[in-house]
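Enquirer:
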Amino acid sequence: MFTDADLEVASDAKMQMLPVTSIKPNSQQPRQNFDQTALDELTASVSEKGVIQPLIVRQVETGYELIAGERRFHAAKKSGLTEVPARIMEVANEAEMLELSIIENLQRSDLNPVELALGYKNLQIKWGLTQEKVAQRVGKDRATVANTMRLLELPDPVLLSLRNGEISMGHAKAILAVPGTARRSALWKRVVSESLSVRQTEQTARSIASVTRPKPVKRQPTETSPELYDFTDRIRRSLGTKVRIVKKGKKGSIQIEFFSIAELERLVDMLSRM
Numbered sequence: 163m164f165t166d167a168d169l170e171v172a173s174d175a176k177m178q179m180l181p182v183t184s185i186k187p188n189s190q191q192p193r194q195n196f197d198q199t200a201l202d203e204l205t206a207s208v209s210e211k212g213v214i215q216p217l218i219v220r221q222v223e224t225g226y227e228l229i230a231g232e233r234r235f236h237a238a239k240k241s242g243l244t245e246v247p248a249r250i251m252e253v254a255n256e257a258e259m260l261e262l263s264i265i266e267n268l269q270r271s272d273l274n275p276v277e278l279a280l281g282y283k284n285l286q287i288k289w290g291l292t293q294e295k296v297a298q299r300v301g302k303d304r305a306t307v308a309n310t311m312r313l314l315e316l317p318d319p320v321l322l323s324l325r326n327g328e329i330s331m332g333h334a335k336a337i338l339a340v341p342g343t344a345r346r347s348a349l350w351k352r353v354v355s356e357s358l359s360v361r362q363t364e365q366t367a368r369s370i371a372s373v374t375r376p377k378p379v380k381r382q383p384t385e386t387s388p389e390l391y392d393f394t395d396r397i398r399r400s401l402g403t404k405v406r407i408v409k410k411g412k413k414g415s416i417q418i419e420f421f422s423i424a425e426l427e428r429l430v431d432m433l434s435r436m
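Structure (structure tokens):
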């Protein structure tokens, strides 16, 4: 597996000028969205001064595949450059490509939380790693990786909203505190429509969670004495319905079940004639 030092090794490799058309984008690139304004600014800089920092690529059958420098590569294409500086690195397989891409992105600029979560998940699946091992590979603590990956439990519209920057990581964590897809979606719609702050979202989530949290069932004392059992059975046979006697100390109550208004009327009539 790669270490962060592998990128430094690649940086020491001999630089070559490669045709832009010989390089294809990284198929394992965790980053899905690029800030258009920042990309336009980089394109303007590349047009004026060229690509100063070399790309890192690996050789494939059809030419080269990008490992690091996705934004510089796109900026070079947009500015009309025909060649770019690059260093070639040996990479054994697709899983190593993914790992190196994540490490490179973490070193240079943060992915958005959803891209980061997907990157961690792909890394975990391809390498069969535990969350703790994933954390070690990317230089994060396990809790950070676990909390980031948990974002993938959010409904798709909420993930898209987070990816696009409509809501923050703080909002997303608060929404996760609410149980159930429907409730999470409803809270997200309220966050967006009412422009709730993270604190307001947390307070709302706590309120929703407290309402939906199942209340502990109080156990009713059961009639254990032969005497109470006999009384219960006699009333049940007389009324023809389920009866329960609940005794609390010297006091108690009799619970008589009915399953329709007609049955209730029948029971009331029978009791009134007793």
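Residue 163 is where the sequence shown starts when you use my numbering, and the numbers rise one by one after that. All C-beta atoms, glycine included, are put in the ideal place defined by N, C-alpha and C.
Would you mind sorting Gly-231 into buried or exposed? The rule is 16 or more other CB atoms within 10 Å of its CB.
Expert: Buried.
Enquirer: Cα separation between Ala-348 and Pro-317?
Expert: 11 Å
Enquirer: Alpha carbon to alpha carbon, how far is Arg-345 from Asn-326? Give it in angstroms, no decimals.
Expert: Going by C-alpha positions, Asn-326 is about 21 Å away from Arg-345.
Enquirer: Flag this pair as touching only if the stretch 359-376 and the stretch 321-336 have three or more C-beta atom pairs under 8 Å; answer yes or no.
Expert: yes
Enquirer: Which value, in whole angstroms, describes the spacing of the CA atoms of Pro-388 and Val-408?
Expert: 14 Å
Enquirer: Taking only three categories from DSSP, how would you classify Glu-252?
Expert: Coil at Glu-252, not helix or strand.
Enquirer: Using 8 Å as the threshold, is the C-beta distance between Met-311 and Gln-298 below it?
Expert: no
Enquirer: From Ser-184, Val-219 and Leu-243, pick the residue whose C-alpha is nearest to that of Lys-211; which is it?
Expert: Leu-243
Enquirer: In its own chain, which residues sit with a C-beta less than 7 Å from the C-beta of Leu-201, not counting the 5 before and 5 after it?
Expert: In its chain, beyond the 5 residues on either side, Arg-233, His-236 and Ala-237 have a beta carbon closer than 7 Å to the beta carbon of Leu-201.
Enquirer: Using three-state DSSP, classify Val-354 as helix, strand or coil.
Expert: helix
Enquirer: Note down the Cα distance separating Arg-435 from Arg-428, rounded to an integer number of angstroms.
Expert: 11 Å
Enquirer: Give the secondary structure of Leu-243 by DSSP, where H, G and I count as helix, E and B as strand, and everything else as coil.
Expert: Coil at Leu-243, not helix or strand.
Enquirer: My output table needs one value for Pro-181: the three-state DSSP class, helix, strand or coil.
Expert: Strand at Pro-181.
Enquirer: With a threshold of 16 other CB atoms inside 10 Å of the CB of Thr-199, please say whether the residue is buried or exposed.
Expert: exposed
Enquirer: Using 8 Å for Cβ pairs, my map puts Ile-185 next to Gly-225. What's the rounded Cβ distance?
Expert: At roughly 6 Å, the Cβ-Cβ gap stays under 8 Å, so Ile-185 and Gly-225 are in contact.
Enquirer: Identify whether Glu-328 lies in helix, strand or coil by the three-state DSSP scheme.
Expert: In the displayed model, Glu-328 falls within coil according to three-state DSSP, outside both helix and strand.
Enquirer: Opposite Ser-415 in the DSSP bridges: which residues?
Expert: Answer is Val-408.
Enquirer: Give the DSSP-derived three-state secondary structure of Glu-427 in the structure shown.
Expert: helix
Enquirer: With DSSP as the reference, identify every bridge partner of Tyr-226, one or two as the case may be.
Expert: Ile-185 and Gln-221
Enquirer: Skipping 5 residues on each side, what residues in its chain have a beta carbon closer than 7 Å to that of Phe-420?
Expert: Thr-403, Leu-426 and Leu-429
Enquirer: Let me make sure I understand the geometry here. Which of Gln-417, Gly-342, Leu-180 and Met-259 has the alpha-carbon closest to that of Leu-217?
Expert: Leu-180
Enquirer: Can you tell me whether Ile-287 is helix, strand or coil according to DSSP?
Expert: Helix at Ile-287.
Enquirer: By the 10 Å Cβ neighbour count, where 16 or more other Cβ atoms means buried, how is Val-246 classified, buried or exposed?
Expert: buried
Enquirer: Can you have a look at Pro-187 and say buried or exposed, based on whether 16 or more other CB atoms are within 10 angstroms of its CB?
Expert: Pro-187 should be labelled exposed.
Enquirer: Can you check whether the C-beta of Ser-241 is within less than 8 Å of a C-beta belonging to chain B?
Expert: Judged by its chain identifiers, the structure shown contains no chain B, having just a single protein chain.
Enquirer: Could you compute how far the alpha carbon of Leu-321 sits from the alpha carbon of Asn-309?
Expert: 14 Å
Enquirer: Under 7 Å Cβ to Cβ from Ala-367, same chain only, skipping five residues before and after it: list those, please.
Expert: These residues qualify, in order along the chain: Ala-336, Ile-337, Ala-339, Val-340 and Leu-349.
Enquirer: Between the Cα of Val-405 and the Cα atoms of Gly-411, Ile-397 and Thr-183, which residue gives the shortest distance?
Expert: Ile-397
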